[in-house]
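For the sequence shown, full-length UniProt numbering assigns the number 1 to the initial residue and increments by one for each residue that follows. Glycine included, every Cβ here is placed at the ideal spot set by N, Cα and C. Note that the structure is predicted; figures quoted are calculated from it, not measured.
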Amino acid sequence: MDRMIFVNLPVRDLAATRRFYTGVGFEVNETFSDEHCVCVVLSPTIYVMALDHARFADFVTTPIADPRETTQVISCLSMATREETDTFVTAALEHGGARHAYPVQQGEMTGPEGEEMYGAAVTDPDGHIWELLYMAPAAV
1 MDRMIFVNLP
11 VRDLAATRRF
21 YTGVGFEVNE
31 TFSDEHCVCV
41 VLSPTIYVMA
51 LDHARFADFV
61 TTPIADPRET
71 TQVISCLSMA
81 TREETDTFVT
91 AALEHGGARH
101 AYPVQQGEMT
111 GPEGEEMYGA
121 AVTDPDGHIW
131 ELLYMAPAAV
């Protein structure tokens, strides 16, 4: 059995979260979604569990961080092509996301052996960072 990952993210507005993630091309698993949670399917083995703050607080004993003020994690998604990377960024911006400004150069990059790499990053409506990375087959 392949391992699955469920990325649990606290969100302020479930409707905005749903619009963003479906707007960039992901589907929602309605079976695991309710008035407190939206289950977003990134792949057959990767899910985002977007939980409103009340539900998220049920799982933690520390304060919920505001991702617009602090950074705890950068989630990176592989992209099949450079064009898919650019399309994702455009869709993210159209659905409530924003460009994430890195302190380092994004766009054209090279891997350790000179392989082509291409990247960008956006934030969702709550400020969670999503890095997008295309790697030429030789880089993988």
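Nearest residue (CA-CA) to residue i, options the options
i   : options                : result
F26 : G119, A91, P63 and R55 : A91
R12 : C76, L51 and W130      : L51
T81 : N8, D66, M135 and A15  : M135
D58 : M4, D34, P10 and D2    : P10
H53 : P137, D126 and F32     : D126
M1  : T61, P44 and G96       : P44
L77 : I129, T61, P63 and F56 : I129
M4  : G23, L42 and A16       : L42
V24 : G97, F56 and P137      : G97
Extent of the continuous alpha helix (DSSP H) run through residue i
i   : result
T62 : Where T62 is concerned, there is no enclosing alpha helix (DSSP H), given that its DSSP letter is neither H nor E.
Rounded distance between the beta-carbons of residue j and residue i, thought under 8 angstroms
i    : j    : result
L133 : M117 : 7 angstroms
V122 : R99  : 6 angstroms
R18  : V48  : 11 angstroms between Cβ atoms; not a contact.
D124 : F6   : So it is not a contact: roughly 16 angstroms between Cβ atoms.
T85  : A120 : 6 angstroms
Backbone secondary structure at residue i - three-state DSSP
i    : result
P137 : helix
Which runs of the alpha helix (DSSP H), 4 residues or longer, sit entirely within the UniProt domain "VOC" (3-135)?
-> For the alpha helix (DSSP H) assignment, the uninterrupted runs of no fewer than 4 residues enclosed by the UniProt domain "VOC" (3-135) are, from N- to C-terminal side, 14-23, 53-57 and 82-94.
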